[in-house]
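S.K.:
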Amino acid sequence: FIVAGTMWYGSATTPIELFGPTRYQWDQGYFQQEIDRRVRSGLAENLSLSEAWSKIPEKLAFYDYIGNNPAKGGLFRAGAMDNGDGIAVGWLGHPIFKDKKGHELFVRRMPTFFETFPVVLVDEEGIVKADVPFRRAESKYSVEQVGVTVEFYGGELDGVSFGDPAIVKKYARRAQLGEIFELDRATLKSDGVFRSSPRGWFTFGHAT
Numbered sequence: 001f002i003v004a005g006t007m008w009y010g011s012a013t014t015p016i017e018l019f020g021p022t023r024y025q026w027d028q029g030y031f032q033q034e035i036d037r038r039v040r041s042g043l044a045e046n047l048s049l050s051e052a053w054s055k056i057p058e059k060l061a062f063y064d065y066i067g068n069n070p071a072k073g074g075l076f077r078a079g080a081m082d083n084g085d086g087i088a089v090g091w092l093g094h095p096i097f098k099d100k101k102g103h104e105l106f107v108r109r110m111p112t113f114f115e116t117f118p119v120v121l122v123d124e125e126g127i128v129k130a131d132v133p134f135r136r137a138e139s140k141y142s143v144e145q146v147g148v149t150v151e152f153y154g155g156e157l158d159g160v161s162f163g164d165p166a167i168v169k170k171y172a173r174r175a176q177l178g179e180i181f182e183l184d185r186a187t188l189k190s191d192g193v194f195r196s197s198p199r200g201w202f203t204f205g206h207a208t
């Protein structure tokens, strides 16, 4: 039981390089904050936003993806993570969303124990400014109405921007899951459904 605890909660003897992040690092936005700190540090050194994001290691960005959360997916979905998410091919870059007035919007991230979650974009004060509505007839904050655009910094799409609402909504949905990666699902016939990580399987095996 003790080894299960040290694995699940994390310790010096269970490094994330071997077993992946803990769920608490997703819950607390640990990697998101570390990435933000590095970007701010780069901007303070007079780097451009693109240059600052390009200095973020892909491994660090990958840790800030919900698929690496050991509590995501459930233990009754047998198999390796690659059978679910697919094989991570490359980081597309960090998406920054803005409304038509140029105000930056932030996609609210999916909590650990949700399978689906509404797409909501908030401003820096946490006030909802845009969403992907369930009922278009009643919408006030839809991507189309608010005029949301997205631009990528770092990664494969560095410097690319999109204004087409369908594409913006696609990337907003993916931004709910953290940093956006290109995932190869064809090679292993991955089903797109999350699996737990080695950290989760170890904990399960030693706690039962």
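Residue numbers for the sequence shown follow UniProt numbering, beginning at 1 and rising by one. Here a beta-carbon is modelled for each residue, glycine too, at the ideal position from N, C-alpha and C.
#1: Going by DSSP in three states, S41 sits in which element: helix, strand or coil?
#2: Let me see if you follow: with CB-CB separation under 9 Å, is V122 close to chain D or not?
#3: Report the rounded CA-to-CA distance for P133 versus I16, giving the unit in angstroms.
#4: Let me check understanding here. Comparing Cα to Cα, which of I56, V128, V107 and T22 lies closest to S197?
#5: Going by beta carbon distance, what residues of the same chain come within less than 7 Å of D82, once the five residues before and after it are set aside?
#6: My output table needs one value for V168: the three-state DSSP class, helix, strand or coil.
#7: Where do the N-terminal and C-terminal ends of the beta strand (DSSP E) with D99 fall, by residue?
#8: Whose C-beta lies closer than 8 Å to the C-beta of G90 among residues of the same chain, with five residues either side of it excluded?
#9: Check whether the Cβ of V193 sits closer than 8 Å to any heavy atom of the ligand NAD, and report yes or no.
#10: Rounded to whole angstroms, what is the Cα-Cα separation between Q28 and Y153?
#11: Between A61 and the rest of its own chain, which residues show a CB-CB distance below 6 Å, the 5 nearest in sequence each way excluded?
#12: Three-state secondary structure (DSSP) at I35?
#13: Evaluate contact between the region 140 to 147 and the region 159 to 169, counting only Cβ atoms and requiring at least three cross-stretch pairs below 8 Å.
#14: Measuring only the C-alpha atoms, how far is S161 from T13?
#15: Just to confirm the assignment, what range does the beta strand (DSSP E) spanning L183 have?
#16: Pull up the distance between the alpha-carbon of D131 and that of I2, whole angstroms please.
#17: Could you tell me the boundaries of the beta strand (DSSP E) in which A52 lies?
#18: By alpha-carbon positions, which one of N69, E138, D36 and G67 ends up nearest to S54?
#19: Identify which residue in Q25, P165, F113 and G5 has its Cα closest to the Cα of K100.
#20: Who are the Cβ neighbours of E104 in its own chain at under 8 Å, not counting the five residues just before and after it?
#21: On the DSSP letters alone, give me the boundaries of the beta strand (DSSP E) that Y153 sits inside.
#22: Measuring CA to CA, which of A80, V128, D85 and G102 is closest to R199?
M.R.: From the atom records:
#1: Assignment of S41 by DSSP, reduced to helix, strand and coil, places it in the helix class.
#2: Among the protein chains of the structure shown there is no chain D, as only one such chain exists.
#3: Roughly 37 Å between the two C-alpha positions.
#4: Closest option to S197, Cα to Cα, is T22.
#5: L188 and S190, listed in sequence order.
#6: Here V168 sits in helix by DSSP.
#7: D99 -> no beta strand (DSSP E), and no H or E assigned at all.
#8: Non-local beta-carbon contacts of G90 in its own chain, meaning distances under 8 Å to residues more than five positions away in sequence, involve E58, G155, E156, F181 and E182 in chain order.
#9: In the structure shown, the ligand NAD is absent, as is every other ligand, since no ligand is present at all.
#10: Cα-Cα distance, rounded: 23 Å.
#11: Taken in chain order, the residues that qualify are W91 and E179.
#12: It is helical.
#13: Contact holds: three or more Cβ-Cβ distances are below 8 Å.
#14: Note on geometry: alpha-carbon atoms of S161 and T13 lie some 43 Å from one another.
#15: In the DSSP assignment, L183 falls within the unbroken beta strand (DSSP E) covering I180 to D184.
#16: Roughly 43 Å separates the two Cα atoms.
#17: Not the beta strand (DSSP E): A52 falls in the alpha helix (DSSP H), residues L49 to S54.
#18: Per the Cα distances, D36.
#19: Closest in C-alpha terms to K100, from the list Q25, P165, F113 and G5, comes P165.
#20: The answer, listed in chain order, is I96, F97, K98, D123 and E124.
#21: Taken as a continuous stretch (DSSP letters only), the beta strand (DSSP E) holding Y153 covers T149 to Y153.
#22: Sorting A80, V128, D85 and G102 by C-alpha distance to the C-alpha of R199 places A80 at the top.
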